[in-house]
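Residue numbers for the sequence shown follow our numbering, so the first one is 436 and each next one is one higher.
What follows is one structure encoded as C-alpha cells, with my remarks underneath.
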Amino acid sequence: MSQPALSVRSLDLSDPATFVENDIHEFWREVRAEHPVYWHEPTDRNPGFWVVSRYADIQSLYQDTSLSSARGNVLDVVLRGDDSAGGSMLAVTDAPHHRKLRSLMFRAFTPRVLGKVVDQVKERTAELVSTVVGRDGFDFAADVAEQIPMNTICDLLSIPFADRAQLLRWNKMALSSGEADSTELDALSARNEIVFYFMELAQERRDKPGDDVISMLATATLEGRLLEVDEIAVNCYSLILGGDETSRISAICAVLALIENPGQWRALQAGEVSLDSAVEEVIRWATPGIHLARTAVQDLEIRGSKVRRGDIVTLWNVSANNDEAVFDEPRRFTLSRSPNKHLSFGHGPHYCLGAFLGRAELRALLSALAAGVGRMELRGTPSPIYSNFLTGYETLPVHFARR
Numbered sequence: 436m437s438q439p440a441l442s443v444r445s446l447d448l449s450d451p452a453t454f455v456e457n458d459i460h461e462f463w464r465e466v467r468a469e470h471p472v473y474w475h476e477p478t479d480r481n482p483g484f485w486v487v488s489r490y491a492d493i494q495s496l497y498q499d500t501s502l503s504s505a506r507g508n509v510l511d512v513v514l515r516g517d518d519s520a521g522g523s524m525l526a527v528t529d530a531p532h533h534r535k536l537r538s539l540m541f542r543a544f545t546p547r548v549l550g551k552v553v554d555q556v557k558e559r560t561a562e563l564v565s566t567v568v569g570r571d572g573f574d575f576a577a578d579v580a581e582q583i584p585m586n587t588i589c590d591l592l593s594i595p596f597a598d599r600a601q602l603l604r605w606n607k608m609a610l611s612s613g614e615a616d617s618t619e620l621d622a623l624s625a626r627n628e629i630v631f632y633f634m635e636l637a638q639e640r641r642d643k644p645g646d647d648v649i650s651m652l653a654t655a656t657l658e659g660r661l662l663e664v665d666e667i668a669v670n671c672y673s674l675i676l677g678g679d680e681t682s683r684i685s686a687i688c689a690v691l692a693l694i695e696n697p698g699q700w701r702a703l704q705a706g707e708v709s710l711d712s713a714v715e716e717v718i719r720w721a722t723p724g725i726h727l728a729r730t731a732v733q734d735l736e737i738r739g740s741k742v743r744r745g746d747i748v749t750l751w752n753v754s755a756n757n758d759e760a761v762f763d764e765p766r767r768f769t770l771s772r773s774p775n776k777h778l779s780f781g782h783g784p785h786y787c788l789g790a791f792l793g794r795a796e797l798r799a800l801l802s803a804l805a806a807g808v809g810r811m812e813l814r815g816t817p818s819p820i821y822s823n824f825l826t827g828y829e830t831l832p833v834h835f836a837r838r
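This is how it looks when you write it as C-alpha cells:
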C-alpha cells in the first residue's frame, strides 16, 4: 500500500523513532525538491534548527567558516547546549587549533603506519567469515560485523582484550539503541563511562608509554604543551566511537544490500566489479552517519534563507548521498557506480580521519564474502537502530552457504 505524501513539517528529525517508522528516503526526495533548506520548528523538548538537504549546499557548507563545530557536531548534543568536549575533541574544534590537532593525530592514520593493522584486518575478517559459513543461521551483526572494527581500533589503541566487550556495549548505547524506549540518560552515561575509561588509560600510558596511539597522544606536545588527560580521553572516545559504529553499520548494510540485490552479489562474486568501487557504493548506500550539526558564528544566507548567528544548522549526508542531481538513480544499489563522490566521510577540514581504515575494513569483508560464500539469505527480520544520528540495523539473522 502506498504511503501518503509526507510534509517537511510532519517529521520530527530530533526523534530517533522518526527514522525507523517512516520512509525516510521518500521524505528527503520531497525536501530536496520543495524545501531544500528549511527551518525545523521547535518542539516541546527542543529548540528549532535549520535543515539542509542538497548535495551542493552541504558540500559547500562543510568548508564554510561561518559555521562552527565547537558547540558540537551531533544534533542531540547541540540541542541541549554546548558539547563538553568542544575545543578539545578533534571533531568539535575549529581552526587554527583543529588543524594542529589533526596534524598530530594523523600521524597514526597514514596508509604507511596502518599497513600492519590492515593486514590484521584481512586475516581477522577472513577467519570470522569462514567460521560462520555453513551454519544453519547466525546473527551477522554480532558474530562478524561487531568483531571487525572494534578489534581493529582497539588494536590501534592497544586496548586490553578483557576490556573490549564492555567498550562495545558502551559504544552501542552512546549514539544509538536497539530499543525505542532508550533514554538520553542511558546514552549520556555510556559516553561518560567511555571517557572515564580513557582518562585512566591515558594516565597509565603517560607514566609507562608504549607503541600505540594513546601513548603517542600522551607524550606528544601541541602548541608547546602536553595534552591534558581529559583531552586525550575525548579524542580516544571519538576514535573508538567513529571507528566502531560507522564501520559496523556499513558492514551490516552491505550484507543486507547484497541479499536484497542478488544481481549485484553475483557480479561481486564473479569479479565483474572492482572491490574499490563496491566499497564506495556500500558506504554511499549505507550512509551510517546521517547528519552532522554546526552552529552559525555569524549571519549567513543559505539558498535564500537567512541564518542568524547562533542558529543550529544540520547537514544531512543521507539526503546528499541520494541527491538525484549528483547520483543517477540513487536508490539503486550499483556496485560499479562511477563517479561516486559521496559525503559519508564528510568533506573539507573535517574529512574523516579514519576513512582509509574504514575502507580497508569493508574491502576485507567484501573480499572474504566473495571468496568464501556461495549463497546468502535472510533468516529473520533485522532489528533497526533507534537514533537520529546513525541509521542501520542492530541485528541481521542470516545463513551463508559455502561457495
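Note that CB positions come from ideal geometry on N, CA and C, so glycine has one too.
Outcome for residue i when other beta-carbon atoms lying within 10 angstroms are tallied against a minimum of 16
i    : result
T722 : buried
G883 : Nothing about residue 883 can be read from this structure; the chain reaches only from 436 to 838.
R810 : exposed
E716 : buried
V808 : buried
P697 : exposed
Y786 : exposed
R744 : exposed
L549 : buried
E469 : exposed
A440 : A caution first: A440 carries a pLDDT of 49, below 50, which makes its placement in the model unreliable, though a value can still be read off. Classification of A440: exposed, given that the 10 Å Cβ count is below 16.
A577 : exposed
E695 : exposed
S682 : buried
S449 : buried
E829 : buried
R570 : exposed
R738 : exposed
Neighbourhood of residue i by C-beta, 7 Å cutoff - its chain only, sequence neighbours within 5 removed
i    : result
V512 : D518
T654 : R641 and P644
M524 : V669, N670 and S673
K557 : A799
Cβ separation of residue i and residue j, assumed to be a contact under 8 Å, to the nearest whole Å
i    : j    : result
L603 : G678 : The pair is not a contact, with the Cβ atoms about 12 Å apart (cut-off 8 Å).
W751 : S538 : No, W751 and S538 are not in contact; Cβ-Cβ is about 29 Å, not under 8 Å.
V630 : L591 : At roughly 18 Å, the Cβ-Cβ gap does not stay under 8 Å, so V630 and L591 are not in contact.
S501 : D529 : So it is not a contact: roughly 11 Å between Cβ atoms.
L788 : F541 : 7 Å
A490 : A760 : Just to set this straight, residue 490 is Tyr in the shown sequence, not Ala. Indeed they touch by this definition, with Cβ atoms about 7 Å apart.
Residues near residue i by beta carbon distance below 8 Å, same chain, minus five either side
i    : result
S437 : Summary for S437: the model assigns pLDDT 37, below 50, so the residue's position carries little reliability; its value from the coordinates is reported in the next sentence. Correct list: empty, nothing qualifies.
I718 : S685, H777, S779, F780, G793, R794 and L797
P482 : L514 and I747
V527 : S504, A505, R506, G507, N508, D518, A520 and G521
F544 : L788, G789, F791 and L792
Residues near residue i by beta carbon distance below 6 Å, same chain, minus five either side
i    : result
W700 : L693
L563 : V579 and Q582
P477 : G483
F573 : V567
V708 : A702, L770 and S771
S650 : R640 and P644
Distance CB(residue i)-CB(residue j) smaller than 9 Å
i    : j    : result
A728 : V509 : yes
V690 : F575 : yes
D499 : L735 : yes
A637 : I594 : no
L770 : L703 : yes
F484 : Y821 : no
N757 : H460 : yes
M608 : I675 : no
Y632 : D665 : no
T560 : A803 : yes
N403 : E680 : Because the chain in this structure spans residues 436 to 838, residue 403 falls outside the shown range and cannot be described.
H532 : P784 : no
S493 : S754 : In the sequence under discussion, the amino acid at residue 493 is Ile, which differs from the Ser named in the question. A contact, by the Cβ cut-off of 9 Å.
T826 : H475 : no
Backbone secondary structure at residue i - three-state DSSP
i    : result
P482 : coil
W751 : coil
D447 : coil
Q438 : Below a pLDDT of 50, predicted positions are generally treated as unreliable, and Q438, at 41, falls in that range; the measurement from the model is reported next regardless. Correct three-state label for Q438: coil.
K741 : strand
L662 : coil
V833 : strand
T656 : strand
A622 : helix
R838 : coil
A731 : strand
D598 : helix
V509 : coil
G698 : helix
Min CB distance residue i to chain D below 9 Å
i    : result
F544 : No chain D appears in the structure shown, which is made up of a single protein chain.
The ligand FMN heavy atom lying under 8 Å from the CB of residue i
i    : result
L801 : You won't find the ligand FMN in this model; it holds no ligand whatsoever.
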